[in-house]
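In terms of the UniProt record's numbering, the numbers along the sequence shown are unbroken and rise by one, the last being 340.
Beta carbons: idealized from backbone N, C-alpha and C, even for Gly.
Bear in mind that the values here come from a model prediction, so they are computed numbers and not experimental data.
Each remark here refers to the structure printed beneath this line.
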Amino acid sequence: MQIKTLAEILAESESDSASLSVSKKKSLSNSNNRTDSNANNYPRESKVEYQTPDDQQSSDTTMSNDFFTTRPSSKIPNKKTQKRNKRFHPAANFTAEPSDAPTYQPPQPQSIKEMLAEVKREVHDDNNTDSNILSESDNHADNLPSALKAYLRSPEQRQAEVDAIKAESRLRWLAFYYLSRREYGKAELRQKLLDKEQDPDKTDALLDEFESKGYQSDYRTTLMLIRESIRKGRGRGHIKQEFYRKKIDMPSNIDELIDMANEESDEFREFIDDSEDSLIEGIDWLKLAVTARTKKYGENIPIEQKDKARQLRFLQYRGFDTDICFQALNYTLDNLDERF
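Laid out in structure tokens, this is it:
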């Protein structure tokens, strides 16, 4: 560490004070320069000079109270504060713009007779154009967009439309439900739908649609009844009774359709014995009658007249022909082949 003497300390303090004075002078000079530059940038305002009474000799022709005169100012006007020139003055003469509108023509004077004739003609025209007005209003309503029509409907109309859609959907669902379970005739299906409190007109329209599309067919219903009757061991008479019981319109060629079961047709192939030992073409009605009798009364052949009459009535109730019923009393399933 270096130890300074008193003389060295005093010399350093004098040098520091001298440097401070020089820096202050420089700062003062800089501030003066700034004020001068600002003064040059902003123009000075005009000064007002006061005139003495001696200088008023030449002012008799002008205003006597004009003691102050202003020097012209060199201030530049600001664009924001500058007033715009008016394009239109209220006191200016008005000139109308040219237009293509026709000028007003006053009506021609009419006599009382002409006025009455015109009123009478308008009344007759109104009576003739009422229907035209209604048709035009309907056409205007039809030309509206669907979204606007839906917006213009009242809450009651909207609810009625929703109810109608629900009713139609339920009617269609019921028809498909019944047809999915089995075949129905048109009259039978209509009665089923009416029992569910459906609208008759809409029901008829729906059934016509189903018939045209093939969803419902009376021909398929007829074949179904014959097929089911044969499967259950019923005869020709019972098949005809099924049409009345199920409220199905019996076709005029019902006998021909039943006879189709006696031939090798695709509709009744499952009931036909295709084996080579079979000597019967088509449905074996005697075999069906014997099968029905043995299921009800057993394998024994009836001997007493009372048993024969009871079993004969049973076979006739099943719809078999009379000759088939009498033959079935003499056979069982075991000795049925002895008939040949």
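Could you give the residue range of the alpha helix (DSSP H) that holds A205?
-> The count along the sequence shown starts at 1 and reaches residue 205 at position 205. That run of the alpha helix (DSSP H) goes 200-213.
Buried or exposed for R153, please, with buried defined as at least 16 other CB atoms from any protein chain shown within 10 angstroms of its CB.
-> Numbered from its first residue, the sequence shown carries residue 153 at position 153. By the neighbour-count rule (16 or more Cβ atoms within 10 Å), R153 is not buried but exposed.
Hey, quick one: how far does the alpha helix (DSSP H) through Q241 stretch, first residue to last?
-> In the sequence shown, counting from the first residue as 1, residue 241 sits at position 241. Its alpha helix (DSSP H) spans residues 236-245.
CB of L189 to nearest heavy atom of the ligand COA: below 7 Å?
-> Although the ligand COA was asked about, the structure shown includes no ligands whatsoever.
Compare the C-alpha of S217 against each of E304, K186, K247 and name the closest.
-> Here residue 217 refers to the residue found at position 217 when the sequence shown is read from its first residue. Ranking E304, K186, K247 by Cα distance to S217 puts K186 first.
Take the Cβ of W285 as the centre, count every other Cβ of all protein chains shown within 10 Å, and call the residue buried at 16 or more, exposed below.
-> Taking the first residue of the sequence shown as position 1, residue 285 is located at position 285. It counts as buried.
Assign A292 to one of three DSSP states: helix, strand, or coil.
-> Numbered from 1 along the sequence shown, position 292 holds the residue referred to as residue 292. Three-state result, A292: helix.
Spatially closest choice to L193 from I303, K213, S169, by CA coordinates | Position 193 of the sequence shown, counting from 1, holds the residue named residue 193. Here the closest residue by C-alpha is S169.
Helix, strand or coil at S46 [DSSP, three-state] | The count along the sequence shown starts at 1 and reaches residue 46 at position 46. Annotation note: pLDDT 44 at S46 (below 50); position unreliable, coordinate value reported separately. Here S46 sits in coil by DSSP.
Flag this pair as yes or no: are the beta carbons of K240 and M224 separated by less than 8 Å?
-> In the sequence shown, the residue the question calls residue 240 occupies position 240. In the sequence shown, the residue the question calls residue 224 occupies position 224. Not in contact: K240 and M224 (Cβ atoms no closer than 8 Å).
Kindly indicate which three-state DSSP category D255 falls into: helix, strand or coil?
-> Numbered from its first residue, the sequence shown carries residue 255 at position 255. Helix at D255.
DSSP on Q327, reduced to helix/strand/coil?
-> Here residue 327 refers to the residue found at position 327 when the sequence shown is read from its first residue. The answer is helix: DSSP assigns Q327 an H, G or I state.
Answer with buried or exposed for S37, where buried requires no fewer than 16 other C-beta atoms within 10 angstroms of its C-beta.
-> Your numbering for residue 37 matches position 37 in the sequence shown. In this prediction, S37 scores a pLDDT of 49, lower than 50, which makes its location untrustworthy; the coordinate-derived value is nonetheless stated afterwards. Exposed, by the Cβ-count rule.
8 Å Cβ cutoff met for L189 and Y177 = Residue numbering aside, residue 189 sits at position 189 when the sequence shown is read from its first letter. Residue numbering aside, residue 177 sits at position 177 when the sequence shown is read from its first letter. Result no, Cβ atoms of L189 and Y177 do not sit closer than 8 Å.
Between L336, G214, I226, which lies nearest to D259 when the distance is taken from Cα to Cα?
-> Locating residue 259 in the sequence shown gives position 259, where the first residue counts as 1. The shortest Cα separation from D259 among L336, G214, I226 belongs to I226.
For the candidate residues P302, K202, F326, whose alpha-carbon lies nearest to that of R172?
-> The residue given as residue 172 occupies position 172 in the sequence shown. Of P302, K202, F326, the residue nearest in Cα terms is K202.
Compare the Cα-Cα distances from Q316 to each of L288, D337, N335, E338 and report the closest residue.
-> The residue labelled residue 316 in the question sits at position 316 within the sequence shown. The option with the nearest alpha carbon to Q316 is L288.
Could you please give the first and the last residue of the uninterrupted alpha helix (DSSP H) stretch that includes F314?
-> To locate residue 314, count along the sequence shown from 1; it is residue 314. Here the alpha helix (DSSP H) through F314 covers 305-317.
Could you give the distance in angstroms between the alpha-carbon of T332 and the alpha-carbon of K247?
-> Position 332 of the sequence shown, counting from 1, holds the residue named residue 332. Position 247 of the sequence shown, counting from 1, holds the residue named residue 247. About 36 Å.
Assigned secondary structure, K287 (DSSP; H/G/I helix, E/B strand, else coil) = Within the sequence shown, the letter at position 287 stands for residue 287. Three-state result, K287: helix.
Cβ shell of F320 (< 7 Å), same chain only, five flanking positions each side left out | Here residue 320 refers to the residue found at position 320 when the sequence shown is read from its first residue. Excluding residues within five positions, the ones whose Cβ falls inside 7 Å are G235, W285, A289.
Determine the closest residue to D195 out of I303, D100, A175, R318, with distance taken between C-alpha atoms.
-> Along the sequence shown, one-based indexing puts residue 195 at 195. Nearest option by C-alpha distance: A175.
Taking the alpha carbon of R293 as the point to measure from, which residue in N330, E304, I165 has its own alpha carbon closest?
-> The count along the sequence shown starts at 1 and reaches residue 293 at position 293. Of the listed residues, the one whose Cα sits closest to R293 is N330.
So, E161 versus T221, is the Cβ gap smaller than 8 Å?
-> Position 161 of the sequence shown, counted from the start, is the residue given in the question as residue 161. Position 221 of the sequence shown, counted from the start, is the residue given in the question as residue 221. Against a cut-off of 8 Å, the Cβ pair of T221 and E161 comes out as no contact.
For L257, which residues from the same chain have a beta carbon less than 8 Å from its beta carbon, with the 5 sequence-adjacent residues on both sides left out?
-> Translated into positions along the sequence shown, residue 257 becomes position 257. Cβ within range, chain order: T222, L223, I226, P251.
With C-beta atoms as the reference, is R181 less than 8 Å away from H238?
-> Position 181 of the sequence shown, counted from the start, is the residue given in the question as residue 181. Position 238 of the sequence shown, counted from the start, is the residue given in the question as residue 238. Contact flag unset, no.
Pairwise C-alpha distance: D307 and D337 | As a position in the sequence shown, residue 337 is number 337, starting the count at 1. As a position in the sequence shown, residue 307 is number 307, starting the count at 1. If I take the Cα positions, the gap works out to 24 Å.
Simplified DSSP state of I112, which is helix, strand or coil | As a working note, residue 112 is residue 112 in the sequence shown. Correct three-state label for I112: helix.
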